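Residue 121 is where the sequence shown starts when you use my numbering, and the numbers rise one by one after that.
This report concerns only the one structure given below.
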Amino acid sequence: ADAICAERASAAGLTGTFQAWLSTSTINAADRLEQSSSPYVRTDGVQIASDWADLIDANIAAPINRDENGATQSGDVWTGTYSSGVMAPDTCSGFMTTSGSGMCGNSNATNLQWTDNLVPGCTTMLRLYCIEQ
121 ADAICAERAS AAGLTGTFQA WLSTSTINAA DRLEQSSSPY VRTDGVQIAS
171 DWADLIDANI AAPINRDENG ATQSGDVWTG TYSSGVMAPD TCSGFMTTSG
221 SGMCGNSNAT NLQWTDNLVP GCTTMLRLYC IEQ
């Protein structure tokens, strides 16, 4: 997932290191991502959270519905993560298999459903949230 984020960011001309907002069966998103004291913003410049604490308080200021090029996207996004940054029990076996189910968020939500929405089957094709580190 991190490689996908890096590839998509690079292709869009974004600089920096990008990692997926994704928990696996062995590590929380909160433990693998930098917990920034700076604002989190979408690629179109709209702020979604003022800092890490604001990002994981269950509510964000704007939906994360823009892709790496700033184009509007909607739908569900693989997360495996509750709004606190802690892994959900459903992670498609660490997102390494197509069997079972995994937690996803809704990219149009601004409440906890931005990361904790549904649990679809692991064969479902969904997007990722990529966060600059």
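Don't be surprised by glycine CBs; every beta carbon is placed ideally from N, CA and C.
As the structure is a computational prediction, the values presented were derived from the model and not from experiment.
Do you know whose CA, among P240, Q233 and D236, lies nearest S220's CA?
Contrary to the premise, residue 220 reads as Gly rather than Ser in this sequence. The shortest C-alpha separation from G220 is found at P240.
Would you kindly report the start and end of the unbroken beta strand (DSSP E) that includes E252?
C250 to E252
Can you list, in chain order, the residues of its chain whose CB lies under 7 Å from that of S203, leaving out five sequence neighbours each side?
If we look at S203 and ignore the five residues flanking it on each side, its Cβ neighbours are I176, A178, L232, T235 and D236.
Starting from the Cα of L153, find the closest Cα among F138, V166, T192 and T163 and give me that residue.
F138
Identify whether L175 lies in helix, strand or coil by the three-state DSSP scheme.
Note: L175 maps to helix in three-state DSSP.
For M173 and T217, what's the separation of their Cα atoms in angstroms?
According to the sequence shown, residue 173 is Ala rather than Met. Going by C-alpha positions, A173 is about 31 Å away from T217.
Once the 5 residues before and after N226 are set aside, which same chain residues still bring their CB inside 7 Å of it?
D196, Q233, W234 and N237
State buried or exposed for T211, treating a residue as buried only when at least 16 other CB atoms are found within 10 Å of its CB.
buried
Hey, could you find the ends of the beta strand (DSSP E) G225 is sitting in?
C224 to N226
Would you call the CB atoms of L246 and C125 closer than 8 Å?
no
In three-state DSSP terms, what is G214?
helix
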